[in-house]
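Residue numbers (the numbering used here), protein chains in the order written: chain P, 1 to 151; chain C, 1001 to 1244.
What follows is the structure in structure tokens.
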């Protein structure tokens, strides 16, 4: 290789390595802030600020969803299987919201350590399969989703 | 050893070869895309949880994948133009930026369309969506930087350096869903283990993705040809071509 080209190749490698290093260090320093939400275990440990808008995320605990009969108020528990967090919300939940599914909620913690949510988002997983296959794999889970699917 | 490489760098040679390939590639790409889209949207089974809204997968994932791969195409072309001062590589880099920006926009747009019925929001500032937005800005940055110079010959170095610096974003986008808590789910299509998608749903995706790759190559070649004619208008062979 021509020495001048070799020098320019070294410069190209240097640019890529230096940029990666700089951004890598930056992201490492910011690692906590890039997370979209706190898991319930962090909130239970007091790592999340009280009286400030935060997001929490986890699985909606089976059997924990309680709807008010006369309003849009709903209460449920999200869990990371290490700690639980009770969430209060008033509004329409996303179609994909279900027990034993992921959810991300935004709101503020109250004095009892419960989250007063202003927004509830459903988090779905990376598994895709036809309904028949799901039925043979997990008959129970599928029955639960029957209502929501195909609307 | 380098003879073929330097030959590849000749705009005239590239123009001739791509003229030969383009009709075939266009037909093949469209065929794959049409077969894949009809298969995926009409015949593939619906998802057990998401029903039919899962089908946006068939447009969202290929556009996003090629938006990322296209960035490497642009950055490698940029590196070649920096090291070898190859005019063709400079043109390819700049044309890849335009197509990449379009694909990134489509990936964000289809993601928003998918997010609304599944997540309950069309936009969220999580690591995946935000890093993808940064990718769009990087592409737009390369385009803007190129336009900031009067002559395309002068902007090559600046655009190439920006492209190279931006490559750091690609692994970040790819790993963002594993490194941080995000609303976006982890990857379905995996290289090292089994993909978590049923084969009946997976094969139409493969066909569409092949179609997207081929049509990406077609778009890049076609745009490069046009740019060659514009840049080389003083040369005899371009004048002959235009007069035909």
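Glycine included, every Cβ here is placed at the ideal spot set by N, Cα and C.
### Query
Between residue 1041 of chain C and chain P, is there a C-beta pair that is closer than 8 Å?
Interface criterion not met: the Cβ of residue 1041 of chain C is under 8 Å from no Cβ in chain P.
### Cβ distance (whole Å) where residue 91 of chain P is taken to contact residue 72 of chain P below 8 Å
Cβ-Cβ separation between residue 91 of chain P and residue 72 of chain P: approximately 6 Å, consistent with a contact (criterion under 8 Å).
### Query
residue 65 of chain P CB to nearest chain C CB: under 8 Å?
Any Cβ of chain C closer than 8 Å to the Cβ of residue 65 of chain P would place that residue at the interface, and such an atom is absent.
### Query
Using a Cβ-Cβ cut-off of 7 Å (strictly less than) and excluding sequence neighbours within five positions of residue 1096 of chain C, which residues of its own chain qualify?
Result list for residue 1096 of chain C: 1070, 1073, 1074, 1077, 1220, in chain order.
### CA nearest to the CA of residue 125 of chain P, picked from C/1115, C/1137, C/1125, C/1130
Ranking C/1115, C/1137, C/1125, C/1130 by Cα distance to residue 125 of chain P puts C/1115 first.
### Query
Using a Cβ-Cβ cut-off of 6 Å (strictly less than) and excluding sequence neighbours within five positions of residue 1063 of chain C, which residues of its own chain qualify?
Excluding residues up to 5 positions away in sequence, 1103, 1106, 1107 lie with their Cβ nearer than 6 Å to the Cβ of residue 1063 of chain C in the same chain.
### Message
Please report whether the beta-carbon of residue 1004 of chain C lies at a distance below 8 Å from any beta-carbon of chain P.
### Response
No - not a single Cβ of chain P is within 8 Å of the one on residue 1004 of chain C.
#### Entry: DSSP bridge partner residues for residue 78 of chain P (one or two, in chain order)
Answer is P/60, P/85, bridged to residue 78 of chain P.
### Message
Distance check for residue 1202 of chain C and residue 46 of chain P, CA to CA, integer angstroms please.
### Response
Approximately 43 Å between the Cα atoms of the pair.
### Query
My guess is that residue 1214 of chain C and residue 1057 of chain C are in contact by the Cβ rule of under 8 Å, so how many angstroms apart are they, rounded?
That pair is no contact at about 20 Å.
### Query
Where in the region 21-70 of chain P do unbroken runs of the alpha helix (DSSP H), each at least 4 residues long, occur, reported from the N-terminal end onward?
List check, alpha helix (DSSP H) in window: 31-34, 40-44.
### Cβ of residue 149 of chain P within 8 Å of any chain C Cβ
Model confidence at residue 149 of chain P stands at a pLDDT of 41, short of 50, so the residue's coordinates are unreliable; what they give is reported in the following sentence. It does; some Cβ of chain C falls within 8 Å.
### Task
Using 10 angstroms around the beta-carbon of residue 1237 of chain C, count the other beta-carbons present and answer buried if the total reaches 16, otherwise exposed.
Classification for residue 1237 of chain C: exposed.
#### Entry: C-beta contact flag for residue 1046 of chain C and residue 94 of chain P at 8 Å
At least 8 Å separates the beta-carbon of residue 1046 of chain C from that of residue 94 of chain P.
#### Entry: Cβ-based burial, residue 118 of chain P [other Cβ within 10 Å; buried from 16]
Residue 118 of chain P comes out exposed.
### Message
Our contact map puts residue 1180 of chain C next to residue 35 of chain P with C-beta atoms below 8 Å; I'd like the distance itself, whole angstroms only.
### Response
Taking the Cβ atoms as the reference, residue 1180 of chain C lies roughly 5 Å from residue 35 of chain P, within the contact range of under 8 Å.
#### Entry: Nonlocal neighbours in the same chain, by C-beta distance under 6 Å from residue 1177 of chain C, ignoring five residues either side
Counting only Cβ-Cβ distances below 6 Å, and skipping sequence neighbours, we find 1128, 1184, 1186.
### Query
Between the C-alpha atoms of residue 1173 of chain C and residue 1134 of chain C, what's the straight-line distance to the nearest angstrom?
Roughly 9 Å between the two C-alpha positions.
### Task
Grab me the residues of residue 1043 of chain C's own chain with a C-beta within less than 8 Å of its C-beta, minus the 5 sequence neighbours each way, in chain order.
Result list for residue 1043 of chain C: 1204, in chain order.
### Task
Under 6 Å Cβ to Cβ from residue 147 of chain P, same chain only, skipping five residues before and after it: list those, please.
Note that residue 147 of chain P scores 42 on pLDDT, short of 50, meaning its location in the model is unreliable; the coordinates nonetheless yield the value given after this. Excluding sequence neighbours, residue 147 of chain P sits near nothing in its chain.
### Message
Determine whether the beta carbon atoms of residue 1015 of chain C and residue 1099 of chain C lie at a separation below 8 Å.
### Response
No. Outside cutoff.
### Message
Would residue 1069 of chain C pass as an interface residue toward chain P - the criterion being a Cβ-Cβ separation below 8 Å?
### Response
Not one chain P Cβ lies under 8 Å of residue 1069 of chain C.
### Message
Is there a Cβ of chain P sitting closer than 8 Å to that of residue 1019 of chain C, yes or no?
### Response
Chain P, which has no Cβ nearer than 8 Å to the Cβ of residue 1019 of chain C, makes this no.
### Query
Could you give the distance in angstroms between the alpha-carbon of residue 133 of chain P and the alpha-carbon of residue 97 of chain P?
Computed Cα separation, rounded: 21 Å.
### Query
Roughly how many whole angstroms lie between the Cα atoms of residue 1067 of chain C and residue 1092 of chain C?
Straight-line Cα distance between these residues: approximately 15 Å.
### Task
Just the chain P side, please: which residues come within less than 9 Å of residue 1117 of chain C by C-beta, in chain order?
Residues of chain P with a Cβ closer than 9 Å to the Cβ of residue 1117 of chain C are, in chain order, 94, 95, 96.
### Message
So, at 6 Å on beta carbons, what are the nonlocal neighbours of residue 1138 of chain C in its own chain, with the 5 sequence-adjacent residues on each side left out?
### Response
Result list for residue 1138 of chain C: 1166, in chain order.
### DSSP state of residue 123 of chain P mapped onto helix, strand, coil
The DSSP-derived three-state label of residue 123 of chain P is strand.
### Task
May I ask you to list, following chain order, the residues of the region 120-132 of chain P that have a beta carbon less than 8 Å from some beta carbon of chain A?
As a matter of chain content, chain A is missing from the structure shown, whose protein chains are P and C.
### Query
Should residue 39 of chain P be flagged as near chain C, meaning a C-beta pair shorter than 8 Å?
With 8 Å as the cut-off, residue 39 of chain P counts as an interface residue toward chain C.
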